[in-house]
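S.K.: Those sequence lines, one after another, are chains A and B.
Going letter by letter, the first sequence gives residues 0 to 337 in numbering that gives the first Met the number 0.
Going letter by letter, the second sequence gives residues 0 to 337 in numbering that gives the first Met the number 0.
Dumping the structure here so I can ask a few things about it.
Protein chains: 2
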Amino acid sequence: MSVGYNVAVVGATGAVGEEMLKILAQRDFPVKNLRAIASERSEGKVVEFKEEKIKVENLASASFKNVDIALFSAGASVSREFSPKFASEGAVVVDNSSAFRMDRDVPLVVPEVNPHAVEKHKGIIANPNCSTIQLVVAINPIHKRAKIKRMVISTFQSVSGTGRDAIIELKEQTKNYLEKRPLEKKVYPHQIAFNLLPHIGKFLPSGYTEEEMKLVNETRKIMEDPAIKVTATCVRVPVFISHSETVTIETEIFLSVDEVREILSRAEGVILQDDPQNNIYPLPVEAAGKDEVFVGRIRKDESAPNSINMWVVSDNLRKGAALNTIQIAELLIKKGLV
Amino acid sequence: MSVGYNVAVVGATGAVGEEMLKILAQRDFPVKNLRAIASERSEGKVVEFKEEKIKVENLASASFKNVDIALFSAGASVSREFSPKFASEGAVVVDNSSAFRMDRDVPLVVPEVNPHAVEKHKGIIANPNCSTIQLVVAINPIHKRAKIKRMVISTFQSVSGTGRDAIIELKEQTKNYLEKRPLEKKVYPHQIAFNLLPHIGKFLPSGYTEEEMKLVNETRKIMEDPAIKVTATCVRVPVFISHSETVTIETEIFLSVDEVREILSRAEGVILQDDPQNNIYPLPVEAAGKDEVFVGRIRKDESAPNSINMWVVSDNLRKGAALNTIQIAELLIKKGLV
Chain A
0 MSVGYNVAVV GATGAVGEEM LKILAQRDFP VKNLRAIASE RSEGKVVEFK
50 EEKIKVENLA SASFKNVDIA LFSAGASVSR EFSPKFASEG AVVVDNSSAF
100 RMDRDVPLVV PEVNPHAVEK HKGIIANPNC STIQLVVAIN PIHKRAKIKR
150 MVISTFQSVS GTGRDAIIEL KEQTKNYLEK RPLEKKVYPH QIAFNLLPHI
200 GKFLPSGYTE EEMKLVNETR KIMEDPAIKV TATCVRVPVF ISHSETVTIE
250 TEIFLSVDEV REILSRAEGV ILQDDPQNNI YPLPVEAAGK DEVFVGRIRK
300 DESAPNSINM WVVSDNLRKG AALNTIQIAE LLIKKGLV
Chain B
0 MSVGYNVAVV GATGAVGEEM LKILAQRDFP VKNLRAIASE RSEGKVVEFK
50 EEKIKVENLA SASFKNVDIA LFSAGASVSR EFSPKFASEG AVVVDNSSAF
100 RMDRDVPLVV PEVNPHAVEK HKGIIANPNC STIQLVVAIN PIHKRAKIKR
150 MVISTFQSVS GTGRDAIIEL KEQTKNYLEK RPLEKKVYPH QIAFNLLPHI
200 GKFLPSGYTE EEMKLVNETR KIMEDPAIKV TATCVRVPVF ISHSETVTIE
250 TEIFLSVDEV REILSRAEGV ILQDDPQNNI YPLPVEAAGK DEVFVGRIRK
300 DESAPNSINM WVVSDNLRKG AALNTIQIAE LLIKKGLV
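Structure, rendered in structure tokens:
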């Protein structure tokens, strides 16, 4: 018997699904059999995994049986309908949608932060939102040392977070703008080329967007501290890959800038890039394609006691989505939970 | 005698200088004679003012005499050398550089906020930095009603703030990126196309940039309140025109979101754009070419008492530079100070 797992990637033709296939191969994930599943629209398409060509199955008619690990990235409504079906046939589902994240019975996991949480899974484990993952990887080591009381966050989020159509829209609009042709808007309500949209996800009655509230609620759940106060403004920027965040962190205990640097230089999954005099600080184009969360521009915030400013950048398709999902699956294997 | 003033625009061929000529014409500024002055490089070039073509003079050899109002936008070192020369010959200089902004003897003026300050001028009046102007126009009405204690600011600043070369660099890099050709970097230390640079102005030993400290220091001077606490992160974004800012404002006195909306709806120079359910919020591409400061996304910040979040956008070349400079000149005329 070959060592390995039967893995299904659901949403295999999307921006995150494609990244999942790449990362499974790169990390030599112990795959016995790989199935690529997507919506009817993608049926018959072919995706690549290692040297192999895999025919994409239609989710509506696909079998849920004989899957050990199902990696979902197909949107919340698809997950809500199909994740339980795979789980009830014995698969462990790691779901990248928002469907189950705040469900009390579903662990919400970032392996660097709360690996123990996977142990309580009942068939489904949720992968947090992209902007939350990179945030908690960067701040958890600070929280452990100095207890975070409050954070003020502004995000600069790339279009790949919206999906493949948004990548195309940014490219097309940019080209048309430069050639002085009219711009077409299909994905976003306003032009995204050379513009900024302070609008990610639906608006709630409070005036916040769903995306902004994910940063508040998911952070508290993952860090298992409902007392952490978070306020956020999420902005879509004309960048293809990587989300960036300004984070102002107020802690219970004072930390010097040097201490923060020292903590982050040893933190799992973090790369410190903080040498501004030599123009070294995290950049979205450099973080793209990398696994880590990059932190720089660490400064004492003189406007409040025990407060620190920093700049956090990470590839939203990798650590923000596909990579974290696969790291959760690896954790399940390591702990013998699958 | 025709009613009007002898006006010199110094830096007339730059991005801001060009905007000044446009705005002087649009507002029918009482110009008797207009001189366009720039560096040697631009000597002999021709600029347009109303229907007239004006030959650009070389600053190094230009006369300083017979000028009533000199509008400077040619960088700090040029201002430091030449502003006093124009002033000593009787001109009132309104200077858009950072040279004199924090000088105790030089008023730093935003007409909507501290118009009285012009009265103390000794020949030179400073125009604040672009990101400061739009901030104080938006927050001063709130400060007057509820006293601002602290602000946390992140900026999303367009390349036109750097100047004409940066506009060209963004265009060229974008074109080359889309055509998969190598990118040339001349203005910025890193790629700006489809990227973000958390780096505006020089880095200081504290880790802050000069741009970030302008928001701290200029805000206090203009609002005449050294107790206001400000912390900022300034980020360059691939947008041509308009700066955008997320602003978290903590006040002494509680204000509801409705009260803030009501205050801003009546504020001079502000346009409230805050109907997120209908996708109405300030956008850089829509603010470009407009005179006002646009404010939206007003929300209660639940992470601190008496705290409000908002999103502030304005054309950095107009209100952030050329327009405010000319409004100062108009104020001087109105008050009989020129």
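A virtual CB, placed ideally from N, CA and C, is assigned to each residue, including glycine.
By Cβ distance, which residues of its chain are closer than 6 Å to residue 293 of chain B, with the 5 residues on each side in sequence left out?
M.R.: 270, 272, 281, 286, 312
S.K.: I'd like to know whether the C-beta atoms of residue 128 of chain A and residue 210 of chain A end up nearer to each other than 9 Å.
M.R.: yes
S.K.: Would you say residue 14 of chain A reaches chain B, if we count a Cβ-Cβ gap shorter than 9 Å as a contact?
M.R.: no
S.K.: Check whether the Cβ atoms of residue 325 of chain A and residue 23 of chain A lie closer than 9 Å to each other.
M.R.: yes
S.K.: Got a sec: which bits of the segment 258-278 of chain B sit with their beta carbon under 9 Å from any beta carbon on chain A, in order along the chain?
M.R.: Listed in sequence order: 273, 275, 276, 278.
S.K.: State the Cα-Cα distance for the pair residue 100 of chain A and residue 221 of chain B, rounded to the nearest angstrom.
M.R.: About 46 Å.
S.K.: Using DSSP bridges, identify the partner residues of residue 4 of chain B.
M.R.: Under DSSP, residue 4 of chain B shares a beta bridge with B:30.
S.K.: Among residues of its own chain, excluding the 5 on either side of residue 0 of chain A, which ones have a beta-carbon nearer than 7 Å to its beta-carbon?
M.R.: Confidence is the limiting factor: at residue 0 of chain A the pLDDT is only 37, short of 50, which leaves the residue's position unreliable and the question unanswerable from this model.
S.K.: For residue 20 of chain A and residue 45 of chain A, I'd like the C-alpha separation in whole angstroms.
M.R.: 12 Å
S.K.: What does residue 233 of chain A pair with, by DSSP beta-bridge criteria?
M.R.: Note: residue 233 of chain A sits in a beta bridge opposite A:154.
S.K.: In the segment 200-227 of chain A, which residues sit with their C-beta less than 7 Å from some C-beta in chain B, listed in chain order?
M.R.: 202, 205, 206, 207
S.K.: What residues match up with residue 57 of chain A in a beta bridge as DSSP calls it?
M.R.: A:37
S.K.: So is residue 62 of chain B buried or exposed if we call it buried at 16+ other beta carbons inside 10 Å?
M.R.: With a 10 Å radius around the Cβ and a threshold of 16 neighbouring Cβ atoms, residue 62 of chain B comes out exposed.
S.K.: Determine the contact status of residue 148 of chain B and residue 249 of chain B, defining contact as a CB-CB distance below 9 Å.
M.R.: yes
S.K.: Can you list, in chain order, the residues of its chain with a C-beta nearer than 6 Å to that of residue 243 of chain B? Leave out the 5 residues immediately preceding and following it.
M.R.: 155, 283, 312
S.K.: In chain B, what lies closer than 7 Å to residue 197 of chain A by C-beta?
M.R.: 280, 296, 310
S.K.: Report the rounded CA-to-CA distance for residue 162 of chain A versus residue 9 of chain A, giving the unit in angstroms.
M.R.: 15 Å
S.K.: Got a sec: is the Cβ-Cβ distance from residue 239 of chain B to anything in chain A below 9 Å?
M.R.: yes
S.K.: Is the segment 192-210 of chain A touching the segment 103-111 of chain A in the sense that three or more CB pairs, one from each, lie closer than 8 Å?
M.R.: no
S.K.: Look at the alpha carbon of residue 166 of chain B and the alpha carbon of residue 186 of chain B, and state the distance between them as a whole number of angstroms.
M.R.: 10 Å
S.K.: Compare the beta carbon distance of residue 121 of chain A and residue 86 of chain A with 9 Å and say whether it is the shorter of the two.
M.R.: yes
S.K.: For residue 263 of chain B, which residues in the same chain have their Cβ closer than 6 Å to its Cβ, ignoring the five residues on either side in sequence?
M.R.: 269, 271, 294
S.K.: Against residue 300 of chain A, what residues of chain C qualify as contacts under a CB-to-CB distance less than 7 Å, listed in chain order?
M.R.: The displayed structure is made up of protein chains A and B, and chain C is not among them.
S.K.: Between residue 190 of chain B and chain A, is any beta-carbon pair separated by less than 9 Å?
M.R.: yes
S.K.: Three or more C-beta pairs closer than 8 Å, one from the segment 224-243 of chain B and one from the segment 188-198 of chain A: is that the case here?
M.R.: yes
S.K.: Applying the 10 Å Cβ sphere with the 16-neighbour rule, what's the burial state of residue 59 of chain A?
M.R.: exposed
S.K.: What are the residues of the segment 152-179 of chain B that lie near chain A, defined by any Cβ-Cβ distance shorter than 7 Å?
M.R.: From the segment 152-179 of chain B, only 153, 155, 170, 173, 174, 177 have a Cβ closer than 7 Å to chain A.
S.K.: Residues of chain B with CB under 9 Å from residue 324 of chain A, in chain order?
M.R.: Chain B residues near residue 324 of chain A: none, gap ~25 Å exceeds 9 Å.
S.K.: Excluding the five sequence neighbours on either side, which residues of its own chain have a C-beta within less than 6 Å of the C-beta of residue 57 of chain A, listed in chain order?
M.R.: 39, 42
S.K.: Please state whether DSSP places residue 309 of chain A in a helix, a strand or coil.
M.R.: strand
S.K.: Give me the chain A residues within the contact set of residue 247 of chain B, using Cβ-Cβ distance strictly less than 7 Å, ordered along the chain.
M.R.: 151, 230
S.K.: With H, G and I counted as helix, E and B as strand and the rest as coil, what does DSSP make of residue 69 of chain B?
M.R.: strand
S.K.: Using a Cβ-Cβ distance under 9 Å, would residue 193 of chain A count as near chain B?
M.R.: Residue contact check for residue 193 of chain A against chain B: a CB pair falls below 9 Å.
S.K.: DSSP three-state call for residue 199 of chain B: helix, strand or coil?
M.R.: Coil.
S.K.: For residue 14 of chain B, tell me which candidate among B:328, B:317, B:337, B:323 has the shortest Cα-Cα distance.
M.R.: B:317
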